[in-house]
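Residue numbering for the sequence shown follows this note's numbering, beginning at 4 and increasing consecutively. Note that the Cβ used here is the ideal one computed from N, Cα and C, for glycine as well. Right, one structure below, let's go through it.
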Amino acid sequence: MRTIGEAAAELGIEAHVLRHWEQVGALDVRRDGKGYRIYDDAALERARTVLKLRRVGLSLPEVTAAMAPTKEAAQAVIEAKIAELESEVAGRQAAIVFLQHTVECRHRYLDECPDCATFAREP
């Protein structure tokens, strides 16, 4: 059993973050007879999962939904995030291709280059 301070230290985050996660429903933590939060191994593991999901880009509402009791509900949230991340990666790859071309472009000004003009017209 750990206090909120001990759990936060073990996770490398501030205690207020754990309180906030509990407040928004992303984490459920037992309380002792005096009302203090008790972090057993299971609660700490759930907190680690929330932390990992946050670090890979899920918002707290997405984390809460991903921690849903049904696997189907959780999978839907995760699949949507995967699609979003894949779209971001594709956009970044297109940006890299454009920037690589501009570095290697033989034209003095980018607006003189037909390839640069094509890139510029792409969304």
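Per DSSP, what kind of secondary structure is residue 58 in: helix, strand or coil? Secondary structure of residue 58 (DSSP, three-state): helix.
Look at the Cβ atom of residue 32, then the Cβ atom of residue 40, and state whether they are nearer than 7 Å. With a cutoff of 7 Å on beta-carbon distance, residue 32 and residue 40 are scored as near each other.
Since residue 77 contacts residue 70 with CB under 8 Å, what's their CB separation in whole angstroms? That belief holds up - the Cβ atoms of residue 77 and residue 70 are roughly 7 Å apart, short of 8 Å.
Under 7 Å between C-beta atoms of residue 42 and residue 10: Result yes, Cβ atoms of residue 42 and residue 10 sit closer than 7 Å.
DSSP state of residue 81 mapped onto helix, strand, coil: Helix.
What does a CB cutoff of less than 6 Å around residue 116 pick up in its chain, not counting 5 residues either side in sequence? Excluding five sequence positions before and after residue 116, the CB atoms of its chain that fall closer than 6 Å to its own CB belong to 108, 110, given in chain order.
C-alpha distance - residue 36 paired with residue 26, whole-angstrom precision: One alpha carbon belongs to residue 36, the other to residue 26, and they sit about 20 Å apart.
Residue from 74, 103, 53 with nearest C-alpha to residue 64: That would be 53, whose Cα lies nearest to the Cα of residue 64.
Helix, strand or coil for residue 41 per DSSP? Three-state result, residue 41: strand.
Would residue 67 and residue 28 be called neighbours here (beta carbons separated by less than 7 Å)? For the 7 Å CB-CB criterion, residue 67 and residue 28 form a contact.
Determine the DSSP secondary structure at residue 111, reduced to helix, strand or coil. Secondary structure at residue 111: coil, using DSSP grouped into helix, strand and coil.
For the alpha helix (DSSP H) that contains residue 118, what are its first and last residues? Per DSSP, residue 118 belongs to the alpha helix (DSSP H) from 117-124.
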